[in-house]
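Just below is one structure, and these are the notes that go with it.
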Amino acid sequence: MPCRPSRSPTRSPSRHLYRRQLLLAMAAASLLGTAGTASAQGAAPLKLVITFPPGGSTDIAARILQPRLGEVSGRSVIVENRPGAASQIATQYVAKSAPDGNTLLFSFDTHAINPIAKSRLPYDTFKDFTGVSLALRFPLVIGASASVPAKNLAGFLELARRNPGKYSYASTGLGSMNHLVMEDIKRRSGTYVLHVPYGGGGPAVQAVLGNVSDLTLLSYAALRGQISAGKIKPLAVTGLKRLPELPDVPTVAESGFAGFEAYSWIGVFAPSATPAATVHKLTEDFQATLNTPDIRSKLMQSGFEVMATDGPALDRWVRQEYERWGRFVRDNKIQLED
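So the sequence shown is residues -40 to -1, 1 to 298, counted in mature numbering (1 follows the signal peptide of the UniProt record, and there is no 0).
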């Protein structure tokens, strides 16, 4: 009889599918050791809530950090501006957010000054937040409209003395650092310059460009474009040293106010109930981001000084600023509310 060709055994489709599903399940199980250690925080976006509109110092700094922070943390990073009520809207929003490390306050000096400036706040600065990092500090640049006939701070103050009530300065709001710094300069010099509060750095710059106000005090980052265009001229800087980006612009101390030194600053805060391990991881992520060479270079070119501290150092700094400016306001009876 002729031999029949041998046949390979056939596998049923259902058995083949079962085997494939089993292999996939085993592969997935092998990943559980890694995936199981990842918290919900690691998968969720990280939201940085900014207290002022776009164009101000905190907004500029946050957007410099945003891409690298995303790489370091392995999370998408969202920068969200919630301006209004002298930072209270954004600050209250974060205070009431879930303490899971996904929503952080990216704020600056108003965080320490608002408890001085406001008789009632919808949050407690010292109880509702825990520090993540004192990220940056920066001197203010005192910038005047190009139409103001003064070359430096001493010249501007002399103009103001000779023309009482003629000149005004734009701040980012009542009780802001630029408000208090200019009030300090006014008192030391015995000069009157009208204060006009605005809702952020962007509006303050526009007020000077439109000749509504003659002067403002902001970060170099916020004024750099207008200085380069010749629309705003820098008169002085409030730090102890001149800015490398403005080597010909004297400090306030060099302008007749020996020992004068004032900085604005940017800190990162989490809701106070955030677990310590989560806060520690956030601190590490921000420190790694801030110390990345190209990020550090971009920040320095914008007039920022990288601090990159841990959380407790930020908490101590807030308390120190609160006490310093609280004494100044009380001693000089400065009105900080409408």
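The beta carbon of each residue, even a glycine, is placed where N, CA and C say it ideally should be. Every value quoted in this text rests on a predicted model; they were computed, and no experiment measured them.
Helix, strand or coil at residue i according to DSSP, with G and I counted as helix
i	result
F68	strand
Q(-20)	In this predicted model, Q(-20) has a pLDDT of only 46, less than 50, meaning its place in the structure is not dependable enough to derive any value.
L(-10)	Confidence at L(-10) is low in this model, with a pLDDT of 37, below 50, so its placement is unreliable and no value can be given for it.
E281	helix
R(-30)	Its pLDDT being 45, under 50, R(-30) is placed unreliably in this model, and the coordinates cannot settle the point.
L274	helix
G286	helix
K293	coil
V209	coil
A(-1)	For A(-1), the predicted model reports a pLDDT of 41, less than 50, meaning its position is unreliable; a value from the coordinates is still stated below. Three-state result, A(-1): helix.
E221	coil
R202	coil
F229	strand
F246	helix
K87	coil
R184	helix
P253	helix
S262	coil
D79	The identity of residue 79 in the sequence shown is Ser, whereas the question assumes Asp. If DSSP states are grouped into helix, strand and coil, S79 belongs with coil.
K193	strand
A268	coil
6 Å Cβ shell around residue i - same chain, five flanking residues per side excluded
i	result
V156	S128, A130, S173
D275	G91
P99	V197, T198, G199, Y223
V101	Y180, L183, P194, V197
P109	none
P59	P231, A233, T234
Q186	I192
S215	L113, A114, A196
E221	L200
R121	T151
Any non-hydrogen atom of the ligand NAP closer than 7 Å to residue i Cβ
i	result
S67	Of ligands this structure carries none, so the ligand NAP is not represented either.
Beta-carbon separation (whole angstroms), residue i vs residue j, contact threshold 8 Å
i	j	result
F66	L140	Not confirmed; about 21 Å, so no contact.
S224	M137	5 Å
N245	S33	Note on residue identity: the sequence assigns Asp, not Asn, to residue 245. With a Cβ gap of about 5 Å, D245 and S33 count as contacting.
T176	G103	6 Å
R259	I24	One point to set straight first is that residue 259 is Leu, not Arg, in the sequence displayed. Correct: roughly 6 Å between the Cβ atoms.
L134	A46	7 Å
F89	A230	7 Å
G263	E205	6 Å
W277	L94	5 Å
L119	A21	Not confirmed; about 33 Å, so no contact.
I255	R28	5 Å
V228	L64	6 Å
Cβ shell of residue i (< 8 Å), same chain only, five flanking positions each side left out
i	result
T18	I10, T11, F12, F66, S67, F68, I226
G15	G160, G161, G162, V165, A182
S36	P5, L6, G30
P106	For the sequence presented, residue 106 should be read as Ala rather than Pro. Closer than 8 Å at Cβ, skipping near neighbours: G190, K191, I192, K193.
residue 324	With the chain covering -40 to 298 only, the question about residue 324 has no answer from this structure.
K146	Y152, V153
Y158	A130, S131, T132, G133, A164, A167
T243	V92, S93, D270, G271
L(-9)	Reliability fails at L(-9), whose pLDDT of 35 lies under 50, so the model's placement of it is uncertain and the value that follows must be treated cautiously. So no residue of the chain qualifies.
L203	P99, V101, Y180, V197, V209, G263
R287	none
Residues near residue i in its chain [Cβ-Cβ closer than 7 Å; skip 5 each side]
i	result
R148	F217
T(-4)	Because T(-4) carries a pLDDT of 32, less than 50, the predicted location of this residue cannot be relied on, and no value is offered for it.
Y282	A72, P75, I76
V289	I76, L296
Q(-20)	With a pLDDT of only 46 at Q(-20), under the threshold of 50, the placement of this residue in the model should not be trusted; the figure read from the coordinates follows. Cβ within range, chain order: n/a, list empty.
S57	T63, P231
Please give me, in chain order, every unbroken run of the alpha helix (DSSP H) with length at least 4 that falls completely inside the segment 18 to 76.
48 to 55
Is it a yes or a no for the segment 103 to 117 touching the segment 187 to 195, going by three-plus beta-carbon pairs under 8 Å?
yes
Is the segment 72 to 79 in contact with the segment 162 to 178, if contact means three or more CB pairs nearer than 8 Å?
no
Tell me the start and end of each unbroken beta strand (DSSP E) in the segment 150 to 181 that is at least 3 residues and wholly inside, in chain order.
154 to 157, 175 to 178
Could you tell me whether the segment 240 to 249 touches the segment 264 to 272, using the rule of 3 or more Cβ pairs below 8 Å?
yes
Whether or not the segment 81 to 89 and the segment 41 to 53 are in contact is what I'm after, with contact meaning three or more pairs of Cβ atoms, one per stretch, closer than 8 Å; do they touch?
yes
Quick check for students: name the residue ranges of the alpha helix (DSSP H) that lie wholly in the segment 102 to 155, counting only runs of 4 or more.
113 to 122, 137 to 149
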